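Okay, so here's the structure we're looking at.
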Amino acid sequence: MKVLVATEKPFAAEAVEGIRQEIESAGYELELLEKYSSKDELLAAVATADALIVRSDKVTADVIAAAPALKIVVRAGAGYDNVDLAAASERGIVVENTPGQNSNAVAELVFGLAVMAARNMLDGTSGSELKGKRLGIHAFGQVGRNVARIAKGFGMEVCALDPYCPDSAMTDAGVTPVHDLRSLYSDNRYVSLHIPATPETRGSVGYDLITLLPKGGVLINTARKEVIDEEGLARALADRPDIKYVADVAPDCAADLSARFGKQVLFTPKKMGAQTAEANINAGIAAARQVVAYLRDGIDRFRVNK
Ligand code: 3PG
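Structure follows, in C-alpha cells:
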C-alpha cells in the first residue's frame, strides 16, 4: 500500500525521516510530493495513493476523485478546513487531524507577533511591555491553552471566551472565563484569535469587534485569514491609527494594508506558526502512526468526518 505525503510547504527533514520510518516499518511504501507548484502534480500523485498525509494542502473534491484507492487522509495539524469532508465521506474515506501536535509552536509565535507589536515593529522607538497587560483568548482549544500558559510567564492577565469549553477548564488554568464576545474585545489590550474557519466563523471578526479594542489594542491572528472581514479590518485600521493587526495568516489584501497602514500591520510571508522542527516531527509522525493504525487495524480515533 502506498502512503503519499503531499506538502506544498515541506516538513523539516527530521520529520520526513520519522514519517518514513513509521510507514516503511509497517511494510508500506512512502511517496513524497514536496513543494509542488500546481494542482496537476497533486492530482497525478494521488492516483495510486491508499493514504494521504497533508498540511494546509487543499484536498478538494477533484483531488479525492483522482484517488480511486484512497482510504484515509490525515491532515498533519489542527485545522481541517482544507479538506472537503463531504466528498471524502461520500467515498467512505476517513479524514483525521492530529490535535495538539503543533499547538505549542503556534502559541509561541503568538508572542513573537505580540512583542513585535508592543515594540512598534522594532522601528527604534520606545515601545511597551506585555507584563501587566490584559490578553483575551478567542477560543480555548489546544493553541489557546498554550497561549494562556505562556502569557502567564509574561505576567499578563488572561481571560478567554469559548462556548464549547467548560468554564472549569479555564479556571483550572488560571484563566478568567468570558461569555460576552464584545467584552472580550473591549476589555483586553491584546486579543489572540484561535477560532477555526467554519461557515459560522468566516468573516466574523470585522469592524464592529476590532474597533472595540481599547487604546493601543493589538489583534493577533495565528488562526485563519478567513475569519477576518478584510474590508472591516481595513476600515478599523483607518479609523483607529492606535490599533495594530499582526497575523501569521496574511489577508488577501495584505499588500494594500501594508502600503496604507505601515507599522500598524505585520504579516508573515507564509503561514509559519507550525513551521518548527518540533511541530513538524510531532504532527508528521503522529499522522504517519494514525495512517498505519487505520490501514492495519482499522483504528480511526481522530476521525473528523462521519
Ligand atoms: C494547523 O491548522 O495545524 C496550522 O494552521 C498549521 O498549518 P500548516 O501545517 O500549514 O503549517
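Take any residue in the sequence shown, count from 1 to its spot, add 12: that is its number in our numbering.
For every residue, glycine included, the Cβ atom is placed at its ideal position computed from N, Cα and C.
Remember, it's a predicted structure, so these values are computed and weren't measured experimentally.
Neighbourhood of residue i by C-beta, 7 angstroms cutoff - its chain only, sequence neighbours within 5 removed
i, result
"E46", "T19, P22"
"A117", "G285, A286, T288, E290, A291"
"M133", "K275, L278"
"R252", "T223"
"G153", "H206"
Proximity winner among the options, relative to residue i (alpha-carbon distances)
i, options, result
"A305", "I84, A259, T60", "I84"
"F279", "A250, D268, E212", "D268"
"A27", "R301, R315, A209", "R301"
"N317", "V86, A126, A248, A181", "V86"
"E212", "T72, D93, D69", "D93"
"D174", "K51, F166, I149, G310", "I149"
Test item: CB-CB of residue i and residue j under 7 angstroms
i, j, result
"S204", "N158", "no"
"V261", "R236", "yes"
"V239", "I207", "yes"
"G285", "I255", "no"
"K14", "E34", "no"
"L16", "L55", "no"
"V190", "L196", "yes"
"V58", "V75", "yes"
"L147", "A130", "no"
"I297", "G30", "yes"
Sequence-distant residues of its chain with Cβ nearer than 8 angstroms to residue i (five each side left out)
i, result
"A4", "This structure leaves residue 4 out entirely; the chain is present only between 13 and 318."
"D264", "K237, E242"
"L125", "I232, T234, V258, A259, D260, L278"
"R247", "Y219"
"S270", "V277, F279"
Spatial neighbours of residue i in its chain, beta-carbon cut-off 6 angstroms, leaving aside the 5 residues before and after
i, result
"A295", "A88, G89, T110, Q113, N114"
"D69", "A18, E20"
"T60", "K14"
Endpoints, the alpha helix (DSSP H) within which residue i is located
i, result
"E242", "242 to 251"
"A24", "Here A24 belongs to no alpha helix (DSSP H), and DSSP marks it neither H nor E."
"K256", "Taken as a continuous stretch (DSSP letters only), K256 belongs to no alpha helix (DSSP H), being part of the beta strand (DSSP E) at 256 to 259."
"D305", "The identity of residue 305 in the sequence shown is Ala, whereas the question assumes Asp. Per DSSP, A305 belongs to the alpha helix (DSSP H) from 289 to 309."
"G156", "154 to 166"
Terminal residues of the beta strand (DSSP E) in which residue i lies
i, result
"E43", "41 to 46"
"V170", "169 to 173"
Original post:
Is the segment 219 to 237 touching the segment 99 to 112 in the sense that three or more CB pairs, one from each, lie closer than 8 angstroms?
Top reply: no
Subject >> Neighbourhood of the ligand MN [Cβ distance below 6 angstroms to any heavy atom], ordered by chain position >> reply: This structure lacks the ligand MN; its bound ligands are the ligand 3PG.
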